Amino acid sequence: MDMDKLVSLCKRKGFIFQSSGIYGGINGCWDFGPLGVELKRNLKNDWWYNFVQIREDMVGLDASIITHPEVWVASGHVEQFHDILVDCKECKKRFRQDHLETERCPDCGGELSEPKTFNSMLRTRLGVSDDTAVETFLRPETCQSIFVDFKDIYSSTRVKIPFGIAQIGKSFRNEVNPRNFIFRSREFEQMEIEFFCREEDEVKWFAQWQEDIWAWYLSLGIKESALRWYEHPKESLAHYSKRTVDVEYEFPFGWGELQGLANRGIFDLTQHSKHSGKDLSYFDAEKNERYMPTVIEPSAGADRTTLAVLCDAYDEEEVNGETRTVLHLAPKLAPIKAAILPLVKKDGLAELAENLEKKLRRKFITYYDHAGAIGRRYRRQDEIGTPYCVCVDFESKENGTVTVRDRDSMEQVRIPMDDLADYIGKRVSFERD
Ligand code: ATP
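This note's numbering applies: residue 481 is where the sequence shown begins, and numbers increase by one.
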């Protein structure tokens, strides 16, 4: 699949636009239009449903984007992201770019990665007057506030270890080189979990999360052959990590990370305890024992997953000698669940269809369209991934039935109008029995 085709469809149909387009755009920032906002919202809701709502061992959080600046000192971000860094793609060693004399790795001669900015955090000032304003950062990851709030959360709820805290929210990184559409941007959304367990259970939980994460990507309809695990070699692990594996997707521009799964050990809670002076250890009342829990962290990007879903869904098919562009989106993710289309405008069919659409839109997102030939209207919906097209025809007037066309098979079934909400509702829901 050609990436340009997807980018152009996204703009043309209102999924994703460059931010501030009329001013020439702004690098690394993107706006999700009417269809894009629905798609990404469905994805986030599905993630929350799977990883928070239906689990007994998870709770949620929505913390502020701007935090006390000390948070980023404790986390290691202020110190660790100080210089322009490049990585050797061969031996994985990391260098300060200003220390290098050649454009290749000084150790093995390997190719070097893109440089990373000296501090990828976006700075901001909090406060009105210059002398009292505090300089701080827009968070570069959502997880730190989970650690900072750890005690407030576990003492205000009845959660007991093992348990996890989930958060979805914006993160900001001053990426040196934003690229590949929404894959690498400067403002993006993360869906992160910090799962707290006993150290002796870390291997078991790591494996369990690998399984759960994989199953979720498959549930989004992504082809398994386009997914793989990447194990980070020990010597290139981040300062906090005991083990990291990534889920990668095969994008048209190559394999790219969708989600990291890291064993962060006790690094973060220990750091924040030290820097804040507040003990963030956990007290196990049953065992009468106090300890620092180990943390397993699944950390996913909402934008990258949205991009993977779009790339995977995009297809061009030959149908009756014509090319049909179709997004085979999982129905639970599709922005519009059903289009209601009168066969023709006249003879009261338009009114009948409009009334039907008004009723259905209380249940799920629908769209009414009477412009152009019915075949064209079907194609317009195929292109934006609408899984069901309901056609109101002359028979509808006579016996109250309509046809429902399936986007993928293009087959139609005739059903009573009164059954539509249930028929479509259960097929587009992300709920599980
Ligand atoms: P990369 O190596 O691609 O820069 P990372 O390893 O720095 O990513 P993490 O810090 O592990 O990324 O962040 C967790 C997730 O957040 C990533 O798997 C990705 O989905 C998302 N993410 C990180 N940086 C960006 C970005 N610049 N734009 C969009 N999503 C991002």
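Even for Gly, the Cβ is constructed at its ideal location relative to N, Cα and C.
The model shown is predicted, which means the values in this text are computed figures rather than measured ones.
Measure the CB-CB distance between Leu-515 and Ile-864 and report whether it falls below 8 Å. Yes, these two residues count as a Cβ contact at 8 Å.
Assuming Ala-742 is part of the beta strand (DSSP E), what are its boundary residues? Element bounds for Ala-742: 734–745.
Identify, in the order they occur along the chain, each residue of the same chain with its Cβ nearer than 7 Å to the Cβ of Glu-679, setting aside the five sequence neighbours on each side. Once the five neighbours on either side are set aside, the close Cβ partners of Glu-679 are Thr-774.
Taking C-alpha atoms, which residue in Lys-843, Gln-861, Ile-845 lies nearest to Ala-851? Scanning Lys-843, Gln-861, Ile-845 for the CA closest to the CA of Ala-851 turns up Gln-861.
Roughly how many angstroms separate the alpha carbons of Ala-853 and Lys-843, rounded to a whole number? Roughly 27 Å separates the two Cα atoms.
Distance between beta carbons of Glu-728 and Leu-738, contact taken as under 8 Å: Contact flag correct, Cβ pair sits at about 7 Å.
Which partner residues of Thr-479 appear in the DSSP bridge assignment? Residue 479 is absent from the model: the chain starts at 481 and stops at 913.
Is any non-hydrogen atom of the ligand ATP found closer than 7 Å to the C-beta of Gln-670, if you look at the structure I gave you? The nearest non-hydrogen atom of the ligand ATP is less than 7 Å from the C-beta of Gln-670.
Backbone secondary structure at Ala-788 - three-state DSSP: Reduced to three states, the DSSP call for Ala-788 is helix.
Is the CB-CB distance between Phe-686 and Arg-659 below 8 Å? Phe-686 is not a Cβ neighbour of Arg-659, given a cutoff of 8 Å.
Using alpha carbons as the reference points, say which of Lys-812, Thr-786, Ser-665 lies closest to Phe-910. Taking each of Lys-812, Thr-786, Ser-665 in turn and checking the Cα distance to Phe-910, the smallest one comes out for Lys-812.
As assigned by DSSP and simplified to three states, the class of Val-608: Here Val-608 sits in coil by DSSP.
The alpha helix (DSSP H) enclosing Tyr-762, as first and last residue numbers: Bounds of any alpha helix (DSSP H) do not take in Tyr-762; it lies within the beta strand (DSSP E) bounded by 762–764.
Pro-896 and Lys-817 look like a contact to me (Cβ under 8 Å); what is the Cβ gap, rounded to whole Å? Pro-896 to Lys-817, Cβ: 19 Å. No contact.
Please find out if some non-hydrogen atom of the ligand ATP comes closer than 7 Å to the beta-carbon of Ala-646. No, since every heavy atom of the ligand ATP falls outside the 7 Å radius drawn around the Cβ of Ala-646.
Stretch pair the segment 564–571 + the segment 582–590: three plus CB contacts closer than 8 Å: They touch, by the three-pair rule.
Please list the segments of the alpha helix (DSSP H) lying wholly inside the segment 668–746, counting only runs of 4 or more residues, in order along the chain. Uninterrupted alpha helix (DSSP H) stretches at least 4 residues long and entirely within the segment 668–746 occur at 682–699, given in chain order.
Please state if the CB of Gln-560 and the CB of His-719 are separated by a distance shorter than 8 Å. Taking 8 Å as the Cβ cut-off, His-719 and Gln-560 qualify as a contacting pair.
Please classify Trp-510: is it buried, with 16 or more other beta-carbons within 10 angstroms of its beta-carbon, or exposed? In this structure Trp-510 is buried. Its beta-carbon is surrounded by 16 or more other beta-carbon atoms within 10 angstroms.
For Gly-649, the first and last residue of its enclosing beta strand (DSSP E): Taken as a continuous stretch (DSSP letters only), the beta strand (DSSP E) holding Gly-649 covers 643–652.
Rounded straight-line distance, which links the Cα of Lys-839 to that of Ser-458: What is shown of the chain runs 481 to 913, which leaves residue 458 out entirely.
Say yes only if the C-beta of Gly-757 is nearer than 7 Å to one or more non-hydrogen atoms of the ligand ATP, and no if none qualify. False, no ligand heavy atom lies under 7 Å from that Cβ.
Residue from Val-893, Phe-661, Ile-564, Leu-741 whose Cα sits closest to the Cα of Pro-732: For Pro-732, the nearest C-alpha among the options comes from Phe-661.
Per-residue burial, Leu-698 [other beta carbons within 10 Å of its own, 16 or more giving buried]: By the neighbour-count rule (16 or more Cβ atoms within 10 Å), Leu-698 is not buried but exposed.
Report yes if the CB atom of Leu-565 is closer than 8 Å to the CB atom of Pro-586, and no otherwise. Result no, Cβ atoms of Leu-565 and Pro-586 do not sit closer than 8 Å.
Is Asp-783 near the ligand SAM, going by C-beta to nearest heavy atom under 7 Å? With respect to the ligand SAM, the structure shown offers nothing to examine, as its ligands consist of the ligand ATP.
Residue from Ser-756, Trp-735, Tyr-771 whose Cα sits closest to the Cα of Gly-745: Taking only the C-alpha atoms, the option nearest Gly-745 is Tyr-771.
Can you tell me where the alpha helix (DSSP H) with Met-890 in it begins and where it stops? If you look at Met-890, you'll find it isn't in any alpha helix (DSSP H); DSSP assigns it neither H nor E.
Within the same chain, show all residues whose beta-carbon is closer than 7 Å to that of Glu-875, passing over the 5 residues directly before and after it, in chain order. Residues Thr-881 of the same chain have their beta carbon placed closer than 7 Å to that of Glu-875, with the five preceding and five following residues left out of the count.
Can you look up Ile-845 in the DSSP assignment and give me helix, strand or coil? In this structure, Ile-845 counts as coil in the three-state DSSP scheme.
By the DSSP assignment, the alpha helix (DSSP H) with Arg-907 in it spans what residues? For Arg-907, the uninterrupted alpha helix (DSSP H) segment begins and ends at 900–908.
Where do the N-terminal and C-terminal ends of the alpha helix (DSSP H) with Asp-526 fall, by residue? First-last of the alpha helix (DSSP H) with Asp-526: 514–528.
Would you be able to state if there are at least three C-beta pairs under 8 Å between the segment 785–798 and the segment 698–707? Short answer: they touch.
When you compare only the Cα positions, how much space is there between Glu-834 and Asp-827? A straight-line Cα-Cα distance of about 13 Å links Glu-834 and Asp-827.
CB of Gln-739 to nearest heavy atom of the ligand ATP: below 7 Å? Proximity of the beta carbon of Gln-739 to the ligand ATP is indicated: a heavy atom of the ligand is located closer than 7 Å.
In terms of alpha-carbon separation, which member of Thr-805, Phe-652, Lys-754 lies closest to Arg-887? Arg-887 has its Cα closest to that of Thr-805, out of Thr-805, Phe-652, Lys-754.
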